[in-house]
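*Asks:* Chains as they are written, first to last, in our numbering: chain A, 584 to 830; chain B, 791 to 1058.
Sharing a structure, written as structure tokens. Questions coming.
The structure is reproduced here in structure tokens:
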């Protein structure tokens, strides 16, 4: 109990230090660029306190739960030796955490507006909702596939740089044939998929898997899953936009 | 009182987000692995902390940082402010007149990335796995510099109206060149850091800046040009983290060279 409290206090200090740059940036801009009063800044204090407390609890819980469970499952699955269940696990983790991602829901709705504005789909609510749902499914599928590819890569020991660079070359090629209104959305969807809860889980999965396999280095083989998860959505969304155009 | 109700609402929302993942993990452990979790109680307590922490964190962001950040993005891109800062009353603004925007983009990209919980998690893991060779703070500062520069350059793109894919293609070309020469250990981490940076804190502020800017600059459409800033924020950290790895190698080479020249006998 006492040890946990000390750990919590240390995390709290860390969170304070992590948030200091934001507070400085905002204060400097408010006071010197916009010349607002210092009193307006004091209104921030309550919210800032919430942010510090939240970050502290999150980091504390991360060490207690997210890292151990991700690594524990990776160890157990590697020991079980079933590639099938490993692939199923990776896919469901990727697909399941992405389909409900609030940032993705927001960006999909906006993208439907863009598509309707560009006459790519009908401007009715029904068509927009269908398009947004299609986009969300596409991105979720992309993340599921990404984690499967990433896990198989760790098992088979393929070269990460070759795969990622080939993927980005494909992205650049697809950009030239995809309709222009989807390009910005596609590029942004690569970034929004990796949420705060998913990233630690996926990192722990990769590192746990690489350290339980013989001949793998957790540093060079364990990382790279997130890289796939931010690459495939771009590719899949560009394809989605291109196919939508043809229909 | 409102504060407590608000916080509870956010904690409830984050529980709704996290619960399906937790249920899936526990079910998988039970049904496929067939054994209960070792130290299951600790993990349940940890999940409770994650849910409460995430809820409070998002509540705090929505209460203060997001409204303020979005307001500042609007103020900065307001034509009246821009004309005053440039000292021009009626003349057209050229891209240099937006210097406050670039500076703000750089600062806000850098500082929000340092507070990004997902990046903290990855840095902790990388530090543990590398046996301390990759510093938690060093990696995070490298990523933060990348995001700051990326968002700033993304603003320049919106202002000048240059096509997004020119920058992205050029950026990937640099990444390919760096991948060939950078130390092998840093490469997977660098690729990962592109996706990690853009989550809870950075995306909403950067998106607000992009939308505000594309509305304020004549001839840009929010729908076509407002998107794409996140892409910059996830591309440039790859470059800066690869550079961080290259720099570490370079520093080691310099110090080896110095110790060699200081003790010439050691060579033989």
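For glycine and all other residues, C-beta sits at the position ideal for the given N, C-alpha and C.
(1) If we count Cβ pairs, one from each stretch, closer than 8 Å, do we get three or more for the stretch 957–965 of chain B versus the stretch 831–844 of chain B?
(2) Is residue 613(A) buried or exposed, if buried means 16 or more other CB atoms sit within 10 Å of its CB?
(3) Looking at the unbroken alpha helix (DSSP H) that takes in residue 690(A), where does it start and where does it end?
(4) Note down, in chain order, every chain A residue with its Cβ under 7 Å from the Cβ of residue 868(B).
(5) Residue 972(B) to residue 651(A), Cα distance in whole Å?
(6) On a Cα-Cα basis, can you pick out the residue from 940(B), 807(B), 852(B), 872(B) that is closest to residue 960(B)?
(7) If distances are taken between C-alpha atoms only, which option among 870(B), 1020(B), 899(B), 920(B) comes closest to residue 766(A)?
(8) Do residue 729(A) and residue 811(A) have their beta-carbon atoms positioned less than 7 Å apart in this structure?
(9) Fully enclosed by the stretch 605–642 of chain A, which alpha helix (DSSP H) runs are 4 residues long or longer?
(10) Check this for me: beta carbons of residue 932(B) and residue 989(B), under 7 Å apart or not?
(11) How far does the alpha helix (DSSP H) with residue 668(A) in it extend, from its first residue to its last?
(12) Of all Cβ atoms in chain A, is any one closer than 7 Å to the Cβ of residue 853(B)?
(13) Alpha carbon to alpha carbon, what distance is there between residue 782(A) and residue 911(B)?
(14) Can you tell which of 761(A), 698(A), 772(A) has the C-alpha that lies nearest to the C-alpha of residue 724(A)?
(15) Since residue 892(B) meets chain A, which of its residues come closer than 9 Å, beta carbon to beta carbon?
(16) What in chain A is Cβ-close to residue 897(B), meaning under 7 Å?
(17) Can you tell me the Cα-Cα spacing of residue 977(B) and residue 634(A), whole angstroms?
(18) Quick one: residues in its chain with C-beta nearer than 6 Å to the C-beta of residue 674(A), no 5 flanking neighbours on either side, listed in chain order?
(19) Which ranges does the alpha helix (DSSP H) cover as unbroken runs of at least 4 residues, wholly within the stretch 909–983 of chain B, from first to last along the chain?
(20) When the cut-off is 7 Å and only beta carbons count, does residue 955(B) lie next to chain A?
(21) Over what stretch of residues does the alpha helix (DSSP H) that includes residue 798(A) continue unbroken?
(22) According to DSSP, is residue 704(A) helix, strand or coil?
(23) Quick check: residue 901(B) and residue 809(A), are their CB atoms within less than 7 Å of each other?
(24) From residue 734(A) to residue 890(B), what distance separates their C-alpha atoms?
(25) Compare the C-alpha of residue 828(A) against each of 775(A), 763(A), 776(A) and name the closest.
(26) Identify, in the order they occur along the chain, each residue of the same chain with its Cβ nearer than 6 Å to the Cβ of residue 1058(B), setting aside the five sequence neighbours on each side.
(27) Threshold first: 4 residues or longer. Then list the alpha helix (DSSP H) segments lying entirely within the stretch 756–827 of chain A, N to C.
(28) Secondary structure at residue 1057(B), three-state DSSP: helix, strand or coil?
(29) Would you kindly check if the distance between the Cβ of residue 823(B) and the Cβ of residue 659(A) is under 7 Å?
(30) So, for residue 842(B): in the same chain, excluding its five sequence neighbours on each side, which residues have a beta-carbon less than 6 Å away from its beta-carbon?
(31) Is residue 842(B) close to chain A? Criterion is C-beta to C-beta, closer than 7 Å.
(32) Expressed to the nearest angstrom, what Euclidean distance is found between the alpha-carbon atoms of residue 1056(B) and residue 1048(B)?
(33) Would you mind reading off the limits of the alpha helix (DSSP H) that contains residue 889(B)?
(34) Return the first residue and the last residue of the alpha helix (DSSP H) that residue 1010(B) is part of.
*Replies:* To lay it out plainly:
(1) no
(2) buried
(3) 685–700
(4) Neighbours of residue 868(B) on chain A: none; closest Cβ ~11 Å, over 7 Å.
(5) 31 Å
(6) 940(B)
(7) 1020(B)
(8) yes
(9) 621–625
(10) no
(11) 666–682
(12) yes
(13) 8 Å
(14) 772(A)
(15) None at all; the shortest Cβ gap to chain A is about 13 Å.
(16) 608
(17) 32 Å
(18) 727, 731
(19) 926–950, 954–971
(20) yes
(21) Counting along the chain, residue 798(A) falls outside any alpha helix (DSSP H), and DSSP gives it neither H nor E.
(22) coil
(23) no
(24) 44 Å
(25) 763(A)
(26) Per-residue confidence for residue 1058(B) stands at a pLDDT of 38, beneath the threshold of 50, marking its modelled position as unreliable; the derived number appears in the next sentence. Taken in chain order, the list of residues that qualify is empty.
(27) 763–775, 781–795, 801–805
(28) Any reading at residue 1057(B) is ruled out, since the residue's pLDDT is 42, under 50, leaving its predicted position unreliable.
(29) yes
(30) 801
(31) yes
(32) In this predicted model, residue 1056(B) has a pLDDT of only 45, less than 50, meaning its place in the structure is not dependable; the value taken from the coordinates is given anyway. Answer to the nearest angstrom: the Cα atoms are 12 Å apart.
(33) 889–904
(34) Counting along the chain, residue 1010(B) falls outside any alpha helix (DSSP H), and DSSP gives it neither H nor E.
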